[in-house]
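Take 645 as the starting number for the sequence shown in my numbering and just add one per residue.
Everything below concerns the one structure shown next.
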Amino acid sequence: MSIIESIILGIVEGLTEFLPISSTGHLILVSKLLGIEQTDAHKAFEVAIQSGAILAVVFLYREKLTHSIDLWKRLIVAFIPTGILGFLLYKIIKGLFSPYVVSVMLILGGIIFIAVELFYKKSEHQIDDILKIPYHKAFFIGVFQSIAMIPGTSRSGATIIGGLLLGLDRKTAAEFSFLLAVPTMFAATSYDILKNYHHFHIENWLTMVTGFITAFLFAVVAIKLFINFVSRYNFIPFGVYRIVLGSVFLFFIL
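This is the structure we're talking about:
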């Protein structure tokens, strides 16, 4: 992989990790366009740049993450379903990583986003602070997140939809999704490194570090812009984007 390719994939990861459009799906699709095979070494690179995206959340929300035990309690409760299912179904999940699965899930997720927004009523979404989320609702948001183990679903998309259905307003659903990424992605990344550490070779470190830094910088920008966007508008544009992108790949490229 060249430095330019690592920068491109780092930008894709940073911009899409916390948007409800599936970063994994975009990495698979963009890698296909660049002619990069989904080898074990490439998957190790993807693990590295996802770590950069995690760091962006820690950087932006460091005050909340370091000063609120109640927040961590909710995050741990929400992480439980994905933690258990991810460990049990690891091999099955990895077998689903294909452009076809990604395209189908992009379309389905887009349809669901539009449907949820069409029935959205502000009066029914009164939870406007993360620390007001009841523990049982945090757990069920985690159940929604576990669905996102299917490539193309989008971890942030699944948790945001779950949050909206459970009475969170748009901004709170988005922020809880970002913060839930910290324990979830840290666990997933650590497990991937443990399983694939032998694919991290010294000759690949330059591209990995380049992708890591690029993903971090673009994730910081994406999170700030996304929070500003959802404070003013709804998620329908993301639903439309998912349907269009998934359809283009499904019917014209694959």
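Yeah, the Cβ is synthetic: ideal placement off N, Cα and C, and Gly gets one too.
Given the structure is predicted, the values throughout are model-derived calculations rather than measurements.
Start-to-end residues for the alpha helix (DSSP H) that takes in residue i
| i | result |
| --- | --- |
| G806 | 799-809 |
| S675 | 667-678 |
| G786 | 779-791 |
| M645 | First-last for M645: undefined, no H or E at that position. |
| T710 | 706-711 |
| S747 | 743-762 |
| P881 | 880-892 |
| L861 | 849-874 |
Buried or exposed (CB count within 10 angstroms, at least 16 for buried), residue i
| i | result |
| --- | --- |
| Q789 | buried |
| S767 | exposed |
| L678 | exposed |
| R876 | exposed |
| A759 | exposed |
| V874 | buried |
Cutoff 8 Å; reference residue i; Cβ partners in own chain excluding five residues on either side
| i | result |
| --- | --- |
| V656 | S667, H670, L671, V674 |
| F757 | P664, G801, I805, F879, I880, F882, G883, R886 |
| L823 | V701, Y705, K708, L709, L715, L719, I774 |
| I724 | F783, G786 |
Short Cβ contact (7 Å threshold) for residue i with residue j
| i | j | result |
| --- | --- | --- |
| T726 | T828 | yes |
| A792 | G807 | no |
| G658 | A863 | yes |
| V691 | T833 | yes |
| F703 | I867 | no |
| L740 | I794 | yes |
| H686 | I693 | no |
| G786 | A831 | no |
| S646 | G855 | no |
| F731 | M852 | no |
Where residue i falls: helix, strand or coil (DSSP)
| i | result |
| --- | --- |
| I771 | strand |
| L732 | helix |
| H812 | Inspection of the sequence shows that residue 812 is occupied by Leu rather than by His. Strand at L812. |
| M829 | helix |
| G654 | helix |
| I794 | coil |
| E690 | helix |
Same chain only: Cβ atoms within 7 Å of residue i, ignoring 5 sequence neighbours per side
| i | result |
| --- | --- |
| L603 | In the structure displayed, the chain extends from 645 to 898; residue 603 sits before or after that span and is not available. |
| I771 | I777, G811, L812, D813, T816 |
| F893 | L673, P743, S747 |
Contacting residues, own chain, Cβ-Cβ under 6 Å from residue i (five flanking each side not counted)
| i | result |
| --- | --- |
| K781 | L810 |
| F860 | G696, L699, A700 |
Contact with chain D by residue i, beta-carbon distance below 7 Å
| i | result |
| --- | --- |
| F856 | No chain D appears in the structure shown, which is made up of a single protein chain. |
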